[in-house]
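Participant:
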Amino acid sequence: MDNMDEIKAYAKVNYIPIVRDQTAKKLTELCHSLSPNKILEIGTAIGYSGILMLKSCNAKLHTIEKDEERAEKAEENFQKYAVSDRVTFYLDDAQKVIEELCSKNEKFDLIFLDGAKGQYIKYYPYLKCLLNGGGILFTDNIYLHGFVQADGKVPHKHRSMVVNLRKFIDTLSHDSDLETTFYDIDDGYSISKLK
Ligand SMILES: C[S@@+](CC[C@H](N)C(=O)[O-])C[C@H]1O[C@@H](n2cnc3c(N)ncnc32)[C@H](O)[C@@H]1O
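This is the structure:
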């Protein structure tokens, strides 16, 4: 089955956030041109972006999700879309998993960062540790509904996330080990290449 409409419809009905269309297009084009061997995804949800990436290249995917119900649906979808033999699934907290992967010296050609936005800055040193030289960090939702760029008051429920995303963007911008481009498309994404 190639049609992704069913999985998108399920996400919509169940209020599960999945990567938006233009961002998904860029991500799949990148998978196609980069031909990564190993991809790490932080934030599986129900497997939508993971399946898109796997359908665009021959890579193996390591993907992390902490929510049991979503993880179960993701595993079902990986089966349904015939990619489960290329997936290593971690039903766990992303911070714990990336620390473990780092200590095992695991390396990835592409990291798709799409988990808890307020945690990106904490993940940062581990993400660098997990990237191969020349590898790509693709980060979604960096502008968080425009709040990250706005001057005005940020609603309380988003405040710490916005502060942390601003720190993350600032860190990416000033890190000379990476070349980063920021895209003001959909919810904002960035593509960073480790030199
Ligand atoms: C935006 S959704 C991922 C969407 C998915 N990448 C897609 O486009 O199809 C973010 C996911 O990250 C998961 N998540 C949030 N915090 C996490 C954590 N600390 N560890 C692992 N997963 C986490 C959420 O449960 C949620 O399903």
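Residue numbers 2 to 196, in our numbering, belong to the letters of the sequence shown in order.
Cβ coordinates follow ideal geometry from the N, Cα and C atoms, glycine included.
#1: Is the separation between the beta-carbon of ILE65 and that of TYR91 shorter than 7 angstroms?
#2: Within a Cβ cutoff of 8 angstroms, which residues of the same chain sit near ASP22, ignoring the five residues on either side of it in sequence?
#3: Quick check: is any heavy atom of ligand 1 less than 6 angstroms from the C-beta of TYR82?
#4: Assuming THR181 is part of the beta strand (DSSP E), what are its boundary residues?
#5: LEU62: which of SER36, GLU70, LYS74 sits nearest, CA to CA?
#6: Should GLU42 be labelled buried (16 or more other beta-carbon atoms within 10 Å of its own) or exposed?
#7: Do the CB positions of ALA25 and GLY48 come within less than 7 angstroms of each other?
#8: Note down the Cα distance separating GLU180 from TYR190, rounded to an integer number of angstroms.
#9: With distances taken from CA atoms, which of LYS13, GLY116, HIS159 is nearest ASP141?
#10: With a threshold of 16 other CB atoms inside 10 Å of the CB of ASP6, please say whether the residue is buried or exposed.
#11: In the DSSP assignment, what are the bridge partners of ASP176?
Facilitator: Inspection of the coordinates gives the following:
#1: yes
#2: ASP187
#3: no
#4: First-last of the beta strand (DSSP E) with THR181: 179-184.
#5: SER36
#6: Its Cβ being crowded by 16 or more others within 10 Å, GLU42 is buried.
#7: no
#8: 14 angstroms
#9: GLY116
#10: exposed
#11: Answer is none; ASP176 lacks a bridge partner.
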